[in-house]
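Protein chains in written order, with the working numbering: chain A, 18 to 450; chain V, 18 to 450. Positions of the beta carbon are idealized from the N, C-alpha and C atoms, including for glycine. Structure, as structure tokens:
Number of protein chains: 2
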Amino acid sequence: MPAKGAHVDVIVGGGIVGLSIAWRLARSGRPVTVVDPAPASGASYAAAGMLAPVSEVTYTETPLLRLGMASLRRWPSFAAELAEDAGLTGNAGLTRNSGPTGDAEPTGDAGSPHGGLGAIGDGARLGLDLRADGTLDVAFGADDLATLDELATYMEKLGLPVERLTGRECRRLEPMLAPSVRGGLLAPEDAWVDPRRVTAALLAALDRLHVPLVRARAAGLLRDRDGSVAGGSVAGDRVVGGRVVGVRLEPPPGGPEPPSEIRAERVVLAAGAWSGELAEVPVRPIKGQIMRLRSPQPLLSRCVRGTVHGSYVYLVPRGDGELVVGATQEELGFDTRVTAGGLYELLRDARELVPGVTELEVADVVAGLRPGTPDNVPIIGPSGTPGLDLATGHYRGGVLLAPLTAALMVGDLGGEEGELAALCSPGRFQEIS
Amino acid sequence: MPAKGAHVDVIVGGGIVGLSIAWRLARSGRPVTVVDPAPASGASYAAAGMLAPVSEVTYTETPLLRLGMASLRRWPSFAAELAEDAGLTGNAGLTRNSGPTGDAEPTGDAGSPHGGLGAIGDGARLGLDLRADGTLDVAFGADDLATLDELATYMEKLGLPVERLTGRECRRLEPMLAPSVRGGLLAPEDAWVDPRRVTAALLAALDRLHVPLVRARAAGLLRDRDGSVAGGSVAGDRVVGGRVVGVRLEPPPGGPEPPSEIRAERVVLAAGAWSGELAEVPVRPIKGQIMRLRSPQPLLSRCVRGTVHGSYVYLVPRGDGELVVGATQEELGFDTRVTAGGLYELLRDARELVPGVTELEVADVVAGLRPGTPDNVPIIGPSGTPGLDLATGHYRGGVLLAPLTAALMVGDLGGEEGELAALCSPGRFQEIS
């Protein structure tokens, strides 16, 4: 039973996930409102934007692999439609390098037998800086190399597109790699995008679609207090079981006075690491420090990652020469300080991988909070409470999984995607209700 | 012969040196104007503020030691008078720790037999964060220790106040030091100050003394073109020999329109690394990258320095918990980029000295340009050109030497300081005229 007088969906959270859902809903003609005190400033602002389900594979996380592969396939059309709706000039489609020469050229029909990205238009890497030149995972020591080799065997068993490379082959692809690189694993269909450009485009598209953006903090959920829902209660605000009929708002200090509440037919909780402050969801903040370097010429032509001194580092090149170096993983609660230790690790490991980074200017260092879940898989779908849907817990995959998450929330799944909803269903956690 | 209609001294450069000269001149009743497009933003903004003539001693630079010792003695009264003129609350005098306990207590009569700081009032470390708790130079390896031992012998020969310490004694003074520290050298009378507070106080004092501050770039020197000075010439703006009678100004882009020139009886060139753009002085920019960390509690109670992996690093604690980590030395021209390599070195070396820094927040990283000279000694005094005085080339000693430099320019030297002027005289360089 919808709340009286409210036909709107309220999206709590203006990160890449919340904005993507709002945009797809608005595009389908649905009235929608976004609530966030500072849109596009959290984990989406910090994120490097790797769209790398293959190179991120682990032995225990095949559900995440399936979700990631499905969302990666959606990225080219998602990006193209977004660029169109945002009014970006040029084409926001996707390019792929033709090979080790590094010359970017449009791919007309790169249909992949491995289920990777399908046919992608003749776009250049404009607008959203979406690129699909692959990810190269490199190893230094013999142990690292053996680990990488094991992983390759596992990936091949899963039918994933990977290529084993010698150290020399790695350096032929990426001449700036350290001479001490002994070998590597190429995931040629992995891609990446600039999340800051994506959220800016989403905000522009929402503006053009006249979607209200309320810059305030959602301080609580409004519950139906007339007991009309079985199992509901009139005892208080946080009571479980009463239908959710909107959100209470808290104005930013010194900001303009927003409405004190918004009533909604449906509330979609997409508040990332802060989701647990509004509902009972098993999401915790996992801090990541990340650095952006500025380079006159690009040092790399694809994403490069590796394990250095036991810690994992990746380098993501942007079209404008920016090089993103990420990221620490720290369980420190809601702590977003950039620390000497975090910065030191990033710099040390990046130098080890690509010594030439020492010459680059440090443009930006930030810390973001990833929304972690107990099984590293996001929580997407109806909660146990009528009127409340969840789209949170994306951990390291918010950028990759945004198109699929939006499709799940809009109910726009393709035939072969039908069973994906079950993989990330909130119902797998008892505490959600 | 003074320029017609101009009785003012124009100080070109609003760093700690230029502002100090302007303040002392204005205080003595002299009309003065300061010209700088962005006062207090260059090397003075980057500087750590070590007042450490003893621990900075090298085998070849005894002139610099004498200048530094003389200026250090002037710092307490300079600071006290500055705090008064700037209207700072509290007392900007100087404190010294009573010993290894680290309790700061006022020193009433700390007259030193070594010629260090004389009697200093009962001030707390307020206002300018001026402190005199000494500098501890530490060594890790046997070679470092031997080098430090040699230096101690040399310092003792010079009659300087230094104490040799074991590793254990070092850690008793500074418990956060790395366990691997093998020994150290304490210069108990070395001091430090917060240069950002000093320049802010100087600007406030100048404001209260109604000294005009022209926010524009001095683009050239005005020369007397009537040939009245022997050896002068009317040929052009940069010609050597014609009396300097003022400065030409260039407005900042988009800023308010300043006067296009200021006529002066005397121009004092205190433009730091940029001095060579206005006159023939052998000054070159030496880049330094420096980092500020934020600590809830102070990690150190005195300045700590050491040589790590062949590069020299120092840590300067502030009263508010800030910890300054400096600094790189790079000959790269007018380059003020913060680089991955520079930041990496600072973090690596600071960690080695005091491992606990890894937990601290990175508050600030900047790069400044020190004005270097061929002999590392500043250039202070009349140039060969009538109407043009020089106060530049302070290299790493601008903060330490500001009080002495101002005294030299105002003609306020004590009896035993008479020969100091000759040490930094511009006449020692042939190219200055």
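In this structure the stretch 335–355 of chain A does not lie against the stretch 428–442 of chain A, because fewer than three pairs of beta carbons, one per stretch, are closer than 8 Å. In the three-state reduction of the DSSP assignment, threonine 409/A falls in the strand class, which pools E and B.
The stretch 35–50 of chain V makes contact with the stretch 224–242 of chain V, as at least three CB pairs between them are under 8 Å. Residue burial is scored here from C-beta neighbours: aspartate 146/A has at least 16 other C-beta atoms within 10 angstroms and is therefore classed as buried. Between the stretch 59–69 of chain V and the stretch 200–211 of chain V there are three or more inter-stretch CB-CB distances shorter than 8 Å, so the stretches are counted as touching. Distances from the alpha-carbon of serine 328/V to those of Arg311/V, Ala195/V and Asp366/V put Asp366/V closest. Distance from the CA atom of aspartate 241/V to the CA atom of glycine 259/V, rounded to whole angstroms, is 6 Å.
Look at serine 442/A here: in three-state DSSP terms it is coil, with no helix or strand label.
For the C-beta of valine 355/A, the chain V residues within less than 7 Å are, from N- to C-terminus, Glu378 and Val379. Here valine 74/V has Leu82, Leu168, Tyr171, Met172, Leu175 and Leu177 as same chain residues with Cβ atoms under 8 Å from its own Cβ, once five neighbours each way along the sequence are excluded.
When Cβ-Cβ separations below 7 Å define contact, tyrosine 361/A makes contact with chain V.
DSSP, read as helix, strand or coil, puts alanine 87/A in helix. A distance below 7 Å separates the beta carbons of proline 388/V and glycine 410/V.
Residue burial annotation: glutamate 362/A is buried, with at least 16 other C-beta atoms found within 10 angstroms of its C-beta. Contact with chain V is found for glycine 358/A, since one of that chain's Cβ atoms lies less than 7 Å from the residue's Cβ.
Between the C-alpha atoms of leucine 332/A and valine 321/A there is a straight-line separation of about 5 Å.
Residues of the stretch 363–374 of chain A with a Cβ closer than 8 Å to any Cβ of chain V, in chain order: Leu364, Arg365, Ala367, Arg368 and Val374. Between the beta-carbon of glutamate 282/V and that of arginine 265/V there is about 17 Å, and that puts the pair past the 8 Å contact cut. For leucine 310/V, the chain A residues whose C-beta falls within less than 7 Å of its own C-beta are Ala357, listed in chain order. Methionine 426/V: member of the alpha helix (DSSP H) spanning 415–427, first to last residue. Beta-bridge analysis with DSSP links lysine 304/V to Glu347/V and Leu386/V. Sorting Ser442/V, Pro420/V and Ala439/V by C-alpha distance to the C-alpha of leucine 99/V places Pro420/V at the top. In the structure shown, the three-state DSSP call for isoleucine 33/A is helix.
Shown here, threonine 79/V sits in a helix according to DSSP, grouped into three states. Comparing alpha-carbon positions, the option among Gln314/V, Glu78/V, Gly305/V and Gly35/V lying closest to threonine 356/V turns out to be Gly305/V. Taking C-alpha positions only, alanine 235/V is separated from aspartate 53/V by approximately 7 Å. Per DSSP, the unbroken alpha helix (DSSP H) holding glycine 184/V starts and ends at 184–190. Inclusion of alanine 438/V and valine 34/V in the CB contact set at 7 Å is not warranted, their separation being larger than that value. Taking all protein chains shown into account, arginine 185/V has fewer than 16 neighbouring C-beta atoms within 10 Å of its C-beta and is therefore exposed.
One alpha carbon belongs to alanine 380/V, the other to methionine 86/V, and they sit about 32 Å apart.
Taking a C-beta distance under 7 Å as the contact criterion, alanine 218/A and alanine 103/A qualify as a contact pair. Residue burial is scored here from C-beta neighbours: aspartate 26/A has at least 16 other C-beta atoms within 10 angstroms and is therefore classed as buried. Between leucine 317/V and proline 334/V, the gap from beta carbon to beta carbon is short of 7 Å. Residue burial is scored here from C-beta neighbours: glycine 31/A has at least 16 other C-beta atoms within 10 angstroms and is therefore classed as buried.
Alanine 204/A and leucine 153/A have their C-alpha atoms spaced approximately 6 Å apart.
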